Amino acid sequence: MYNVNADMIQDIFLKKPYLAWFVKDKKKLSQESTLEQIFNYGNWQDYLKAEEDLGIKEVRSIFERLKNRKRTNLRPKTINYFSLYFTKYA
């Protein structure tokens with residue numbers, strides 16, 4: 003299934019390639035990978051763009067999957083902040 007919102011969120015990487023500097027073809031990143039890079043390296047505006055494109059419920063769902071993996075690349079402060087944020091706003 004083609005997801006227009008996935009393309010919209012990946013457009014962030016076209017404008018800011020340093021968010022996923024290690025990936026050659028940024029269009030092949032999954033939504034999870036895209037959001038993981040935004041959580042780790044993006045700024046608040048990048049996050050708000052992702053939330054606008056995907057919706058807060060979808061972003062929260064992806065965040066929960068990322069957070070609950072055995073090995074997560076999210077920093078503890080990032081996990082704490084967004085856990086509190088989603089508890090309040092999602």
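Each residue of the sequence shown is one higher than the last, beginning at 3 in this note's numbering. Using N, Cα and C, we set each Cβ at its ideal position, and we do this for glycine too. Since the model is a prediction, treat every value here as computed from it, not as a measurement.
| Check | Outcome |
| --- | --- |
| Integer-rounded CB distance, given that Ile81 should sit under 8 Å from Lys51 | Rounded, the Cβ-Cβ distance is 21 Å, inconsistent with contact. |
| Leu68 - containing alpha helix (DSSP H), residue span | 58 to 69 |
| Whole-angstrom distance between Lys72 and Ser85, CA atom to CA atom | 17 Å |
| Cα-Cα separation between Leu31 and Leu37, rounded to whole angstroms | 10 Å |
| 8 Å contact criterion, which Tyr91 and Ile58 should meet: CB distance rounded | 6 Å |
| For Tyr4, the three-state DSSP class (helix, strand or coil) | Because the pLDDT of Tyr4 is 41, which lies under 50, any placement of that residue in the model is unreliable, and the number read from its coordinates should be weighed accordingly. Here Tyr4 sits in coil by DSSP. |
| Closest residue to Arg67 among Gln33, Trp46, Lys79, Tyr83 (Cα-Cα distance) | Gln33 |
| Distance between Lys29 and Gly44 (C-alpha atoms, nearest Å) | 17 Å |
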